[in-house]
Structure formats: structure tokens, C-alpha cells
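Asks: Quick note, our numbering runs 3 ahead of the 1-based positions in the sequence shown. Here it is, the structure, as C-alpha cells.
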Amino acid sequence: MDRQQLRQAITELLAGQRLAVLATSDLGRPYASLVAFSVADDLQTLYFATSRKTNKYANLTAEPRAALLIDSRRNRADDLQQAAAVTVLGTAGELEGEEKKRQGTRFLARHPSLREFIEAPSTALFAVRVENYKYVSRFQEVFAYLPEPE
């Protein structure tokens, strides 16, 4: 798969899924959570929201490195051969001010049912600056993709 095909496959997978599994570090142990996400057009940043009272918020405040897993599984037997998955590795940081407002609007375009949650003062909006993507298809074909500005 060439770079353009890989970018297209990642773009389609991210567009086709609304939820990701977020992995953070909880005192050195892995901690996983389900989050709704949105992604920048250039694939360099993913966004998610969480309450400031959650474990994931505390974990990211202490250790900002994170991974997100997005996949196409349907919980069927052929998923091992047919499903694709991408692991996003990056560093998360809470957005504030105008950037939070701008990305919150983008996030709500994808998740309009979360308006009340995203607008609550206790909700933090995080940006994950992507270092790289690991795309896996057909159970064993693994490709790395490093996002670059368009």
C-alpha cells in the first residue's frame, strides 16, 4: 500500500467510526476508556471531551502520552480477516479559550447529541497531537503513517 492509499484508508476508517478506545497511563498501568472523537482534516490532531472528574483526565494531566484505537469490527467471525484498525500514538493536551471554542464547534458537528456535555464548565476538550498511526488490516498487514501538513 503506498502512502496515498494508506492515508485514504486511515481517513475512511476515522470517518466511518464515531468512538475510539483511549489508552492512558494510571500510575504506570494501562487504563482504557471509550471516547467520542473528531479528527482534523490533515490527520495531525484528534479531539475528545471528558469530564475533569474522570480517571482519564487525571491520567492525562499526570502523563500526556496517549494512544487511541479505532477499528471497523462488527463483532462477527470474519472480523479477524476483514476488520481494519488504527492505533493513534500522540500527546494529549487540554484546549482552552478560542481554540477550545473552535474545536468544540468541529466536535459538535460530528457529535451534535453531546452539546450539553461539551458546553458544561466541568468538561475538558483534549487535542491529541498525532506522532504516528499504526494501521492494521487483514489481521497481520501493518503499516505506519506519519501525518504531515497538506
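Even glycine gets a Cβ: it sits at the ideal position worked out from N, Cα and C.
Does the beta-carbon of Thr108 have 16 or more other beta-carbons within 10 angstroms, so that it is buried, or is it exposed?
Replies: Exposed: under 16 other Cβ atoms inside 10 Å.
Asks: Counting beta carbon pairs with one atom in the region 125 to 138 and one in the region 90 to 97, are three or more of them shorter than 8 Å?
Replies: Because the criterion of three Cβ pairs below 8 Å is met, the region 90 to 97 and the region 125 to 138 touch.
Asks: Do the CB positions of Ser36 and Thr53 come within less than 9 Å of each other?
Replies: Yes, the Cβ-Cβ distance between Ser36 and Thr53 is below 9 Å.
Asks: Give the C-beta separation of Tyr34 and Lys59 to the nearest angstrom, bearing in mind that I take them to be a contact with Cβ-Cβ under 8 Å.
Replies: Rounded, the Cβ-Cβ distance is 7 Å, consistent with contact.
Asks: What's the gap between the Cα of Ala69 and the Cα of Arg32?
Replies: Those two C-alpha atoms are separated by around 12 Å.
Asks: Which residues does DSSP list as the beta-bridge partners of Gly104?
Replies: Reading off the sequence, residue 104 comes out as Lys, not Gly. For Lys104, which the question treats as bridged, DSSP gives no partner whatsoever.
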